[in-house]
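Remarks on the structure that follows.
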Amino acid sequence: MKTTNSNSRRDFMKFVGLSSLVAITPTVSSAATIPHIVVVGGGFAGATCAKYLKMWGGSSVDVTIIEPNATYVSPILSNLVLNGQKTTSNLSFTYGSYSSKYGINMVHSTVNAVDKTNQSLTLANGNSVKYDKLVLAPGIDFIKTNEYDIAKIPHAWKAGEQTNLLKAQIDAMKDGDTFTMTIPAAPYRCPPGPYERACVVADYLKNTKGYSNCKVVVLDANAKIIVEEETFATTFANYGVDYRPSTTVTHVDDTTKTVSYTEGGTSKTLSSTVLNVIPNQKAAPIIFTAGVNSGNWAPINPLSYESVVASGIYIIGDSQATGQPKAGHIGNSEAKVCADAILRTLSGVALYASPKTNSACYSPTSATEASWLTGVFKYDTGTQTMVAANTAAGGPSTSNYGKMFLWSGNLFADTFS
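First residue of the sequence shown: 956, per the working numbering; consecutive thereafter.
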């Protein structure tokens, strides 16, 4: 995303407002049978969508979330687990009070099959669930170069156990050791996330651990830093990070912690003390099970997030293919557009014609500083796509570091409380 530093802080705070950017619809008209809306996935997109369906639809809709985990660990702020400023427990959310507050049914299982004709899901626990509308918010899956043990080569791109594994490996490093991480080809979940991770780890090794001889190497599949380029390039230079763009990972060896890759047409290998491979990404498996993908992602109508492949199925969050970033904040924003559209459709009301979404985040670059980035996307009637309408960014500062926790706290509350 192209950014500019000319926008003011006031503009940024306006952009990152977490209230809905769509017109709230009336509740669904009374009917003999209450429509049942099933949401698959309880992350930032899924939990927000279910919550707002009930907030706006009330008793006129039944809402069920199908989510395999009883606890959701936020990937937002999870890089701060690596330097000890957060724990995965700090970033964990359960669904008990959330579901009872809004009257949402919680089912902790996975979906094995989707019957689009009969509008039914078959679950891993043996049960089946009927739906009138289906929302898929399952996140991402990985495209690994080869099979290797992710307990030895953690990606830590799904927060929780993987984050703690990577932290333990970093904590065991000694002065003179090497930390190597790979950045996947775009699109992937959280565009600034890998770059902020490299900064956080480099700062931790140098300034917290006091190591002067450790190396941090970044192998980026992209031709350049794809977001906040000036901020991360400057920070990399300050930390002495060895940044190598246009590299393609070809093989990972979990025994020797060696990554094989190509750079400039030349095959190379690199062995490291800690190897953090973040693989290329695609939509989660249920997108393919449901047959709503085109290639690696799920195409949708941005006015509603309804699949262009199968009617009555909506895809929000990381698995959708609109060109908008894949991240928690914009997943929260997409969820509100989707909830509004579903309620309008059930009520026989026209879709809102000018939806907007917002992608915003703060990125820690050290234990005391963070940068920020935001972009507003709007529906373009000519191309029938979401296009960037306004972008802004700000460089690292201690003030931004403090505001990062206000932003994340508001987002957590808007999603899970």
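From the three backbone atoms N, C-alpha and C, an ideal C-beta is built for every residue, glycine too. Model, not experiment: these values are computed from the prediction.
TODO: Please classify Pro981: is it buried, with 16 or more other beta-carbons within 10 angstroms of its beta-carbon, or exposed?
DONE: Sequence index remark: in the sequence shown, residue 981 carries index 26 (1-based). Here Pro981 scores only 48 on pLDDT, less than 50, and its place in the model should not be relied on; the value that follows carries that caveat. By the neighbour-count rule (16 or more Cβ atoms within 10 Å), Pro981 is not buried but exposed.
Open item on the list: At the level of alpha carbons, what is the spacing between Asn1168 and Lys1129?
Closed with: Counting from one through the sequence shown, the residue named residue 1168 turns up at place 213. Counting from one through the sequence shown, the residue named residue 1129 turns up at place 174. Straight-line Cα distance between these residues: approximately 9 Å.
- [ ] Could you check which residue in Pro1257, Ala1005, Pro1023 and Tyr1027 has the C-alpha nearest to that of Asp1017?
- [x] Residue numbering aside, residue 1017 sits at position 62 when the sequence shown is read from its first letter. It is Ala1005 whose Cα lies nearest to the Cα of Asp1017.
Task: Supposed contact pair Val1214 and Val1232 - C-beta distance, whole angstroms, cut 8 Å - done: The residue you call residue 1232 lines up with position 277 of the sequence shown. The residue you call residue 1214 lines up with position 259 of the sequence shown. 7 Å between Cβ atoms; contact.
TODO: Kindly indicate the opening and closing residues of the alpha helix (DSSP H) around Lys1223.
DONE: Residue 1223 sits at position 268 when you count from the first residue of the sequence shown. Here Lys1223 belongs to no alpha helix (DSSP H); instead the beta strand (DSSP E) covers Thr1221 to Ser1226.
- [ ] Would you grab the beta carbon distance between Ala1153 and Val1196 for me? Rounded to a whole angstrom, and I think it's under 8 Å.
- [x] Here residue 1153 refers to the residue found at position 198 of the sequence shown. Here residue 1196 refers to the residue found at position 241 of the sequence shown. Going by Cβ atoms, the distance from Ala1153 to Val1196 rounds to 6 Å, so yes, they are a contact pair.
TODO: Compare the C-alpha of Val1155 against each of Asn1256, Ala1325 and Asn1365 and name the closest.
DONE: Stepping through the sequence shown from its first residue, residue 1155 is reached at position 200. Minimum Cα distance to Val1155 is reached at Ala1325.
- [ ] Out of Asn1313, Lys1009, Val1171 and Asn1248, point me to the one whose CA is closest to Thr1329's CA.
- [x] Start at 1 with the first residue of the sequence shown, and residue 1329 comes out as number 374. Nearest of Asn1313, Lys1009, Val1171 and Asn1248 to Thr1329, Cα basis: Asn1313.
- [ ] Could you work out which residue in Asn1365, Ile1271, Glu1102 and Leu1046 is closest to Ala1000 when comparing CA atoms only?
- [x] For the purposes of this step, residue 1000 is identified with residue 45 of the sequence shown, where counting begins at 1. Here the closest residue by C-alpha is Ile1271.
Open item on the list: Taking 8 Å as the threshold (C-beta atoms), are Val1173 and Arg1199 in contact?
Closed with: Residue 1199 sits at position 244 when you count from the first residue of the sequence shown. Residue 1173 sits at position 218 when you count from the first residue of the sequence shown. Contact: yes.
- [ ] Count the other C-beta atoms from every protein chain shown that fall within 10 angstroms of the C-beta of Ser985, then say buried if there are 16 or more, exposed otherwise.
- [x] Position 30 of the sequence shown, counted from the start, is the residue given in the question as residue 985. Unreliable positioning characterises Ser985 in this predicted model, as indicated by a pLDDT of 48, which lies under 50. The coordinate reading is nonetheless provided below. Burial call: exposed.
Task: Cross-strand partners of Thr1217 (DSSP beta bridge) - done: Within the sequence shown, residue 1217 is the residue found at index 262, counting from 1. Per DSSP, Thr1203 and Ser1222.
Task: Outcome for Glu1022 when other beta-carbon atoms lying within 10 angstroms are tallied against a minimum of 16 - done: Your numbering for residue 1022 matches position 67 in the sequence shown. Buried, because 16 or more other Cβ atoms sit within 10 Å of the Cβ of Glu1022.
Open item on the list: Looking only at its chain, what residues have a beta carbon closer than 6 Å to the beta carbon of Lys1071, apart from the 5 residues adjacent to it on each side?
Closed with: As a position in the sequence shown, residue 1071 is number 116, starting the count at 1. Ala1265.
Open item on the list: Using a Cβ-Cβ cutoff of less than 8 Å, which residues in the same chain neighbour Ile979 once the five nearest sequence positions on both sides are dropped?
Closed with: In the sequence shown, counting from the first residue as 1, residue 979 sits at position 24. Residue confidence for Ile979 is low, a pLDDT of 47 falling below 50, so the modelled location carries little weight and cannot support an answer.
- [ ] Would you mind stating whether Asp1175 and Thr1202 have Cβ atoms separated by less than 8 Å?
- [x] For the purposes of this step, residue 1175 is taken as the residue at position 220 of the sequence shown. For the purposes of this step, residue 1202 is taken as the residue at position 247 of the sequence shown. Yes.
- [ ] Taking Ala1347 as part of the beta strand (DSSP E), name the residues at either end of that continuous run.
- [x] The residue labelled residue 1347 in the question sits at position 392 within the sequence shown. It spans Thr1340 to Ser1352 - the beta strand (DSSP E) in which Ala1347 sits, taken as one unbroken run.
TODO: Please state whether DSSP places Met1359 in a helix, a strand or coil.
DONE: Translated into positions along the sequence shown, residue 1359 becomes position 404. Here Met1359 sits in helix by DSSP.
- [ ] Starting from His991, follow the alpha helix (DSSP H) in both directions and report where the run begins and ends.
- [x] For this step, residue 991 is matched to residue 36 along the sequence shown. Here His991 belongs to no alpha helix (DSSP H); instead the beta strand (DSSP E) covers His991 to Val995.
Open item on the list: In the DSSP output, which residue or residues are listed as bridge partners for Trp1252?
Closed with: Locating residue 1252 in the sequence shown gives position 297, where the first residue counts as 1. DSSP output for Trp1252 lists Ser1249 as bridge partner(s).
Open item on the list: Is Gly997 near the ligand ATP - that is, is its Cβ less than 7 Å away from at least one heavy atom of it?
Closed with: Judged by which ligands are present, the structure shown has none, so any question about the ligand ATP falls away.
- [ ] Quick one: grab the DSSP three-state call for Ile1020.
- [x] Here residue 1020 refers to the residue found at position 65 of the sequence shown. In the structure shown, Ile1020 sits in a strand (DSSP, three-state: E or B).
Open item on the list: Let's see if you can read the secondary structure: which residues bound the beta strand (DSSP E) around Trp1327?
Closed with: As a working mapping, residue 1327 is identified with position 372 in the sequence shown. Start and end: Ala1325 to Asp1335.
Open item on the list: Tell me the residue span of the beta strand (DSSP E) that contains Cys1316.
Closed with: Your numbering for residue 1316 matches position 361 in the sequence shown. Start and end: Lys1311 to Pro1319.
TODO: Report the rounded CA-to-CA distance for Phe1187 versus Ser1015, giving the unit in angstroms.
DONE: As a working mapping, residue 1187 is identified with position 232 in the sequence shown. As a working mapping, residue 1015 is identified with position 60 in the sequence shown. Taking the straight line from one Cα to the other gives about 48 Å.
Task: 3 or more residues per run - each beta strand (DSSP E) lying fully within the stretch 1259-1303 - done: 1268-1270
Task: DSSP-derived helix/strand/coil call for Asp1208 - done: As a working note, residue 1208 is residue 253 in the sequence shown. Reduced to three states, the DSSP call for Asp1208 is strand.
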